[in-house]
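In the numbering used here, the protein residues as written are 221 to 479.
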Amino acid sequence: MRPPLPLAALNTATRIGLIYMASSTLMEAEMYAMATHSATIHTSRITLPSVTVDGIDAMMRSPELRTAADLVAQAPLDVLVFGGTSASFLHGTAWDRMLVDHLERWSGLTGRCTTTSTASIAALDALGAGPIALVTPYRSEVIERAERFFAENGHPVLNSVGLGITSDRELAEVPLEDVYDLAVRTDTPEATAVFISCTNFASVGAIAALEEELGKPVVSAVQASFWYALELAGADAAKPGFGRLLNSRVPAAGQGVPG
221 MRPPLPLAAL NTATRIGLIY MASSTLMEAE MYAMATHSAT IHTSRITLPS VTVDGIDAMM
281 RSPELRTAAD LVAQAPLDVL VFGGTSASFL HGTAWDRMLV DHLERWSGLT GRCTTTSTAS
341 IAALDALGAG PIALVTPYRS EVIERAERFF AENGHPVLNS VGLGITSDRE LAEVPLEDVY
401 DLAVRTDTPE ATAVFISCTN FASVGAIAAL EEELGKPVVS AVQASFWYAL ELAGADAAKP
461 GFGRLLNSRV PAAGQGVPG
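This is the structure we're talking about:
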């Protein structure tokens, strides 16, 4: 009799396409940490000159974005995610929606594309959140854009913090313990949720502990992107232990949680 084959789900898995920054390292790793073997991540990359308004804007206006979408969409994807938070909220809600429209047209995945910013608003809405505390590694000019974006989508920022980092590689070097401490310090009693921005900023390993400590939902850019990709794909492929947002996408009892 054939024994159980632990990776048998991979060739029938939900395929999540990801457009990500060439210099970034954390988003894929954190998504795989949250995923069962019933979801796989397939990435195409673009160049980010610097984590400043000008640098982010240059990346988003580069022809690399269209090329990245064309390349990754050659795989038979179930959903496509643009994995940049500041890049998708940079010029407000209309900009973010336009980006989703472009992704759908380029990839042919109508109704199955998202950005991290779109996913983040969907996540906060799904949790019934209102005002939030905002944790970021950004400099003030980018934080101001974030505050405006969340406010115009029903989530005014009551308190925010940034680390002033402009190098994408340095973002990934901030220890998870420091992110945890930063979130605890930034939270306020009036905030209904804490949001941790940036897809190259460690987060998902601290979410469950933060929710227990703060007694409220904690959402991160990577967690929200992964959750919303599963929502769009209709897939239950999340492991437990990564915050209340993902609970709805953990396989039901009896189905097991492979991977």
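All C-beta atoms in this analysis are idealised placements derived from N, C-alpha and C, irrespective of residue type, glycine included.
(request) Would you kindly work out how many angstroms separate the C-alpha atoms of LEU310 and ARG317, rounded to a whole number? (result) In the sequence shown, residue 310 corresponds to position 90, counting from 1. In the sequence shown, residue 317 corresponds to position 97, counting from 1. Each residue's Cα considered, the two are about 12 angstroms apart.
(message) Checking 7 angstroms against the spacing of the C-beta atoms, do THR267 and LEU238 come in under that value?
(response) Within the sequence shown, the letter at position 47 stands for residue 267. Within the sequence shown, the letter at position 18 stands for residue 238. Against a cut-off of 7 angstroms, the Cβ pair of LEU238 and THR267 comes out as no contact.
(request) Evaluate the contact criterion for the segment 319-336 versus the segment 355-366: three or more CB pairs, one atom per stretch, below 8 angstroms. (result) In the pairwise beta carbon analysis, the segment 319-336 is classified as not touching the segment 355-366: fewer than three pairs are separated by under 8 angstroms.
(request) Return the first residue and the last residue of the beta strand (DSSP E) that ILE236 is part of. (result) Counted from its first residue, the sequence shown places residue 236 at position 16. Residue range 234-241 is occupied by the beta strand (DSSP E) that includes ILE236.
(request) Within its chain, find whatever has a CB closer than 6 angstroms to the CB of GLU390; leave out the 5 residues flanking it on each side and keep chain order. (result) Position 170 of the sequence shown, counted from the start, is the residue given in the question as residue 390. So no residue of the chain qualifies.
(request) Could you check if GLN443 is buried or exposed, using at least 16 other CB atoms within 10 Å of its CB as the buried criterion? (result) Working through the sequence shown from its first residue, we reach residue 443 at position 223. Result: buried.
(request) Please name the residue, chosen from SER387, LEU402, SER445, that lies closest to ASN379 on a Cα-to-Cα basis. (result) Working through the sequence shown from its first residue, we reach residue 379 at position 159. Of all alpha-carbon atoms in SER387, LEU402, SER445, the one lying nearest the alpha-carbon of ASN379 is that of LEU402.
(message) Whole angstroms are fine: how far does the CA of LEU230 sit from the CA of ASP298?
(response) Against the sequence shown, residue 298 aligns to sequence position 78. Against the sequence shown, residue 230 aligns to sequence position 10. Cα to Cα, the separation comes out at about 14 angstroms.
(request) Alpha carbon to alpha carbon, how far is PHE369 from ALA293? Give it in angstroms, no decimals. (result) For the purposes of this step, residue 293 is taken as residue 73 along the sequence shown, with counting starting at 1. For the purposes of this step, residue 369 is taken as residue 149 along the sequence shown, with counting starting at 1. ALA293 and PHE369 have their C-alpha atoms spaced approximately 28 angstroms apart.
(message) Taking the beta strand (DSSP E) that SER440 belongs to, which residues open and close that run?
(response) Here residue 440 refers to the residue found at position 220 of the sequence shown. For SER440, the enclosing beta strand (DSSP E) stretches over residues 438-440.
(message) The beta strand (DSSP E) that contains ALA392, what's its start and end?
(response) Here residue 392 corresponds to residue number 172 of the sequence shown, with the count starting at 1. Per DSSP, ALA392 lies in no beta strand (DSSP E) and is assigned neither H nor E.
(request) Alpha carbon to alpha carbon, how far is ASP456 from PRO471? Give it in angstroms, no decimals. (result) Taking the first residue of the sequence shown as 1, we reach residue 471 at position 251. Taking the first residue of the sequence shown as 1, we reach residue 456 at position 236. Rounded to whole angstroms, PRO471 to ASP456 spans 5 angstroms at the Cα level.
(message) Taking the beta carbon of ARG469 as the centre, do at least 16 other beta carbons fall within 10 Å, making it buried, or is it exposed?
(response) Within the sequence shown, numbered from 1, the residue matching residue 469 stands at position 249. ARG469 is buried by the Cβ-count criterion.
(message) Quick check: what's the CA-CA separation for GLU372 versus GLU248?
(response) As a first step, residue 372 is located in the sequence shown; it is residue number 152 there, counting from the start. As a first step, residue 248 is located in the sequence shown; it is residue number 28 there, counting from the start. Between GLU372 and GLU248, the C-alpha separation is close to 29 angstroms.
(request) Answer with buried or exposed for SER308, where buried requires no fewer than 16 other C-beta atoms within 10 angstroms of its C-beta. (result) In the sequence shown, residue 308 corresponds to position 88, counting from 1. With 16 or more neighbouring CB atoms inside 10 Å of its own CB, SER308 falls in the buried class.
(message) Going by C-alpha to C-alpha distance, which of ASN420, ARG235, LEU452, TRP447 sits closest to LEU243?
(response) Along the sequence shown, one-based indexing puts residue 243 at 23. For the sequence presented, residue 243 should be read as Ser rather than Leu. Nearest C-alpha to SER243: ASN420.
(request) Run through the segment 370-434 for me and flag every whole alpha helix (DSSP H) of 4 or more residues, listed as ranges in chain order. (result) Listed in chain order, they are 388-391, 396-406, 427-434.
(request) Please say whether VAL424 and LEU430 have beta carbons closer to each other than 7 angstroms? (result) The sequence position of residue 430 within the sequence shown is 210, counting from 1. The sequence position of residue 424 within the sequence shown is 204, counting from 1. No, the pair does not count as a contact, with Cβ atoms beyond the cut-off.
(request) Flag this pair as touching only if the segment 273-287 and the segment 251-259 have three or more C-beta atom pairs under 8 angstroms; answer yes or no. (result) Contact fails: fewer than three Cβ-Cβ distances are below 8 angstroms.
(request) Assign THR330 to buried or exposed, taking buried as 16 or more other Cβ atoms, counted over all protein chains shown, within 10 Å of its Cβ. (result) For the purposes of this step, residue 330 is taken as residue 110 along the sequence shown, with counting starting at 1. Exposed, since its Cβ has fewer than 16 Cβ neighbours within 10 Å.
(message) Here's a check: name, in chain order, each residue in its chain whose Cβ is nearer than 8 angstroms to the Cβ of GLY474, leaving out the five neighbours to either side.
(response) Against the sequence shown, residue 474 aligns to sequence position 254. A caution first: GLY474 carries a pLDDT of 46, below 50, which makes its placement in the model too unreliable to give a value.
(request) Give me whichever residues DSSP pairs with ARG265 in a beta bridge. (result) By one-based count along the sequence shown, residue 265 stands at place 45. Answer is TYR240, bridged to ARG265.
(message) Considering Cα atoms alone, identify which of GLY350, SER440, TYR448, GLU451 is closest to THR408.
(response) Within the sequence shown, numbered from 1, the residue matching residue 408 stands at position 188. When each option's Cα is compared against that of THR408, the closest is GLY350.
(message) Using the Cβ count rule (16 or more neighbours within 10 Å means buried), how would you classify GLU250?
(response) Residue numbering aside, residue 250 sits at position 30 when the sequence shown is read from its first letter. Flag for GLU250 reads buried.
(request) Taking PHE309 as part of the alpha helix (DSSP H), name the residues at either end of that continuous run. (result) On the sequence shown, position 89 is the one that residue 309 refers to. Boundaries of the alpha helix (DSSP H) around PHE309: 305-309.
(message) Measuring straight from C-alpha to C-alpha, what distance separates ILE261 and LEU465?
(response) Position 41 of the sequence shown, counting from 1, holds the residue named residue 261. Position 245 of the sequence shown, counting from 1, holds the residue named residue 465. Approximately 20 angstroms, taken between the alpha carbons.
(message) Going by the DSSP bridge assignment, what does ILE341 pair with across the sheet?
(response) By 1-based counting over the sequence shown, the position of residue 341 is 121. According to DSSP, ILE341 shares a beta bridge with no other residue.
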